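Peer 1:
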Amino acid sequence: MLHTLAHGLRLALQRTGGVDIRSLQESFEEGDEEAFVFESTVGGNGVTDLLFGTDDGVYTELVEALEVMYTNIDGCDCGSGCPECLYQYGCSENNKDRTFSKEGFRDLLAEVMTQDPGKIVLD
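Residues in the sequence shown are numbered consecutively from 1082, following our numbering.
1) Give the C-beta separation of A1093 and N1153 to the nearest angstrom, bearing in mind that I take them to be a contact with Cβ-Cβ under 8 Å.
2) Among the residues of its own chain, which have a CB less than 6 Å from the CB of E1142, if the five just before and after it don't count?
3) Could you check whether L1190 and Y1034 sit closer than 9 Å to each other, using their CB atoms as the reference points?
4) Excluding sequence positions up to five away, which residues of its chain have a Cβ less than 8 Å from the Cβ of P1198?
5) Run through the DSSP bridge pairs and tell me what Q1106 is partnered with.
6) If you compare alpha carbons, which of Q1196, G1124, A1146 is closest to L1086?
7) Relative to the alpha-carbon of M1082, which residue among E1184, E1192, V1123 has its alpha-carbon at the smallest distance?
8) For V1048, which three-state DSSP category applies?
9) Let's test the definition: count the other Cβ atoms within 10 Å of the Cβ of G1162 and tell me whether it reaches 16, buried, or not, exposed.
10) Thinking C-beta only, is L1090 closer than 9 Å to V1123?
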């Protein structure tokens, strides 16, 4: 699911802010429950600061990115992922079905989107 999250987040940021999908990377091991998302640009490019900045205690840019991820995935008729909703050319995991859970991720996003944006907690 973390690989699906990383792809969805990159595509959402590309669509909302013109962020180059190659400027964000992720790190996690199989079976992990968390991933590290970081800027691959030397010195950073400000994407993570923007994404995790708060406005009155709400991660407004993160919430927008989650909404775009959900729309991208839910609105796509493909079976398990395609360039419109999840696939990214050059992915070292080769966009294999074993690394994606489109339906599971869509359901998780739907659940998250029902929550109060002010109550999203990031550790």
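Where a beta carbon is used, it is the ideal one built from N, C-alpha and C, also for glycine. Just so you know, these numbers come straight off a predicted model, no measurement behind them.
Peer 2: If we stick to the structure as given:
1) Within the sequence shown, the letter at position 12 stands for residue 1093. Within the sequence shown, the letter at position 72 stands for residue 1153. Yes, A1093 and N1153 are in contact; Cβ-Cβ is about 7 Å, under 8 Å.
2) Position 61 of the sequence shown, counting from 1, holds the residue named residue 1142. Closer than 6 Å at the Cβ level, and outside the excluded window around E1142, lie L1131, L1132.
3) Lying outside 1082 to 1204, the shown extent of the chain, residue 1034 is not represented and no answer is given.
4) In the sequence shown, the residue the question calls residue 1198 occupies position 117. V1139, Y1140, T1141, V1144, listed in sequence order.
5) As a first step, residue 1106 must be located in the sequence shown, where it is residue number 25. According to DSSP, Q1106 bridges with F1119.
6) Sequence index remark: in the sequence shown, residue 1086 carries index 5 (1-based). Measuring from the Cα of L1086, the nearest candidate turns out to be A1146.
7) Along the sequence shown, read from residue 1 onward, the residue named residue 1082 stands at position 1. The shortest Cα separation from M1082 among E1184, E1192, V1123 belongs to E1184.
8) Any question about residue 1048 goes unanswered here, given that the chain covers just 1082 to 1204.
9) Taking the sequence shown and counting its residues from 1, one reaches residue 1162 at position 81. Looking at its Cβ environment, which holds 16 or more other Cβ atoms inside 10 Å, G1162 is buried.
10) Along the sequence shown, read from residue 1 onward, the residue named residue 1123 stands at position 42. Along the sequence shown, read from residue 1 onward, the residue named residue 1090 stands at position 9. Going by C-beta atoms, V1123 is not nearer than 9 Å to L1090.
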